[in-house]
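Comments concern the structure below.
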Amino acid sequence: MSEVYCSTGSLTFRDRQFYLDGKPFTILSGAIHYFRVVPEYWKDRLMKIKACGLNTVETYVCWNLHEKYPNEFDFSGILDVRKFIRLAEEVGLYVIFRPGPYICAEWDFGGMPAWLLRDPEMKVRSNYKPYQDAVDRFFSQLIPLVSDLQNCLKLPEKSSGGPIIAFQVENEFGSYSKEYEHLKFIHETLVKYGAKELFLTSENPNGITNCPFYDRALPTANFPSMKVGAETFDLIRKWSPSFPLMVTEFWSGWFDHWTSTHKGLPLDDFAQTLTDILDAGSSVNMYMFHGGTNFGFMSGANRFPESTYKPDVSSYDYDAPLSEAGDVTAKYLKARDIIFEKILKPQGINSLPTIPPNTQKASYDSIEILEYLSLDSILTYCNEKVESSKPINMENLQIHNGFGQNYGYILYRTKIGKGRTLRFEKQPTDRAQIFIDGIQNGVLDWREASVEQEVNTDKEINTLDILVENHGRVNYIEIGESLLNEQRKGITGNVFLDDNLISNWTIVPMEFEGDFVQSVLHGNNWTSSFGKDIPVLCKTILTLTDTPKDTFLLLSEWGKGIVFINGFNLGRYWSEGPQRTLYVPAPILKTGDNQILIFEHQQIGKKVAFVKEPILK
């Protein structure tokens, strides 16, 4: 590759130095994902970035929520990315915009919509024409929405332009593929719809050499320490004497998987790497600066080489400088000191903005469960039921105009006779609970990779229920493997009782979306007493007499499930840990009665509690 990229936007570079509007510029950035933070807290988090001495915020874009189904676009509420960018500008921050369409991010399917999987031939992150068409349609809505917010567009009524100074092309593509032409397609599509600012790619050390794209975008690095990042820097220096060094993802901590131990990055290691990056003359983006929360069903999963499927927890605290609740940590203060001493003070800056206070936290008395709803009663509120001779996975259900089910649970019900062993042609994805006449018989999940369960039915007619939980689609996998493995959720093959094919299934998608949740909450099938049968919906009320404060929901007696407060899906909980509490931001609460809805499918508890701090197992 003989040519090297040269930016024509307001952010340019030469001789290893960035220039913004012609003046030397060091990018000091922190990552916040608008879709992981309630909008009422966006400004607080952005002000804390500014008070740390940073000048830029970086954000991904989640295609899967913005286009829930084809041509159904949503840029409102927590998805109002334009408002988020405007707030960044108001606070005095520039923006690095990472529109994907693939973002990784420990987010379901790397931010790609599940309905892509409806196509049995789908090849994501490639120049497969149906994938290209879907990307083009999304970018045709997204990029024009923010294109006027680019810094290079000098509007007559504004002297500073907009806050966007860079666009990323795809994400860590070299770790997945060597298809240069696909990166070219993404770049050309961004340009077609109005992107003009500097283009960059970001790669981890495993992928930076696999698909060089430095003729069309500035290559940048992702790494946790200079020990593994030094070679990447050397390679970028080799490619061009003009390229400035930039760490687009300095991993400030790490994420957690269910059933694993809590991870992070020690403070001393964090401080040393940040110092090393700045001493190398590099710009930096701390990923994450504030992780936030994987609300609802949005947490993704990983499948690293020689490992099994590993689903991510609901918290995206990430051991970042700002905690999941947006609180200042020791890392934040250390980063602030390093940036001030190494970059800002030499520039003649003698002070930093005052750090905004942490949000107030509260603990509330334990409250008992008031009412219960059995599985059969729950199913009466499910409007979609599919009759089929064989099981159908979520994505292939003929619902939502033929584009299937995206998230949640799916129930398969049928009748079986006498038999010994239930056998699946393929392992259900991701966690299958097997019930015979309403009694749990066994659980199959990724940890044992079994396709058989002893049932030993001795009656002529038995009701078989298989409840399958979609635990999150894989968001990261390395080159040489398909990102489509394990992504279609539910039962994807035939089911046998001994050697006999089981047929005549009733399939119920349990999506737990807004209308369903509200219908259940206001239904009249609730009972005040209940046994130990699972799964079950449980309801109670948290009554607040004063202004709501941030809190953490603790379900110490409970097994596994999801929680809604006032219709807002907080995410998954599981006694296996390491996460034991769910973050409850104050804006979803209200003075008066707050409705709490729990879908429990492992072990019913009697009470819930609210505490001031998160708890890890």
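Going by full-length UniProt numbering, the letters in the sequence shown line up with residues 1 to 617, in that order.
Note that CB positions come from ideal geometry on N, CA and C, so glycine has one too.
Query	Result
Burial state of residue 182, where buried means 16 or more other Cβ atoms lie within 10 Å	buried
Beta-carbon proximity of residue 488 to residue 28, cut-off 8 Å	no
Per-residue burial, residue 150 [other beta carbons within 10 Å of its own, 16 or more giving buried]	buried
Minimum length 3: unbroken beta strand (DSSP E) runs contained in the region 109-185	164-168
Cβ-based neighbour list, residue 523, same chain, cut-off 7 Å, excluding 5 preceding and 5 following	381
Beta-carbon gap between residue 60 and residue 98 smaller than 8 Å	yes
Stretch pair the region 506-513 + the region 382-394: three plus CB contacts closer than 8 Å	yes
Alpha carbon of residue 371 to alpha carbon of residue 596, nearest angstrom	11 Å
Cβ-based burial, residue 537 [other Cβ within 10 Å; buried from 16]	buried
Supposed contact pair residue 468 and residue 409 - C-beta distance, whole angstroms, cut 8 Å	7 Å
Local Cβ density within 10 Å of residue 278, reported as buried at 16 or more and exposed below that	buried
Element boundaries [beta strand (DSSP E), containing residue 455]	452-457
Cutoff 6 Å; reference residue 432; Cβ partners in own chain excluding five residues on either side	444, 466 and 468
Alpha carbon of residue 412 to alpha carbon of residue 598, nearest angstrom	21 Å
Residue 527 - partner residues in DSSP beta bridges	372
Anticipated Cβ contact below 8 Å, residue 322 with residue 340, distance rounded	About 17 Å; that fails the 8 Å criterion.
Residue environment, residue 7, which counts as buried when at least 16 other CB atoms sit within 10 Å	buried
Residue from 332, 237 and 147 whose Cα sits closest to the Cα of residue 271	332
Proximal residues to residue 587 (C-beta, below 6 Å), its chain only, five neighbours per side dropped	38 and 40
CA-to-CA distance, residue 398 to residue 495, given in whole angstroms	20 Å
Touch test, the region 166-181 against the region 197-207, Cβ-Cβ under 8 Å, three pairs minimum	yes
For residue 254, three-class secondary structure by DSSP	coil
Whether residue 230 touches residue 286 by CB criterion (8 Å)	no
Entirely enclosed beta strand (DSSP E) segments - the region 303-352, minimum 3 residues	none
Residue from 32, 184, 249 and 368 whose Cα sits closest to the Cα of residue 555	368
Separation of residue 161 from residue 191, as counted between CA atoms	19 Å
Touching by the beta-carbon criterion (3+ pairs, under 8 Å), the region 118-138 and the region 66-86	yes
For residue 220, three-class secondary structure by DSSP	strand
Cut-off 8 Å between Cβ atoms - residues of its own chain near residue 119, not counting five sequence neighbours on either side	130
Where residue 298 sits in the DSSP three-state scheme	coil
Neighbourhood of residue 260 by C-beta, 8 Å cutoff - its chain only, sequence neighbours within 5 removed	310 and 578
Run of the beta strand (DSSP E) containing residue 23, from where it starts to where it stops	23-25
Contact the region 566-574 vs the region 242-252: 3+ CB pairs below 8 Å	no
Contacting residues, own chain, Cβ-Cβ under 6 Å from residue 460 (five flanking each side not counted)	417
7 Å CB neighbourhood of residue 123 in its chain, flanking five on each side removed	131
First and last residue of the uninterrupted beta strand (DSSP E) at residue 433	431-436
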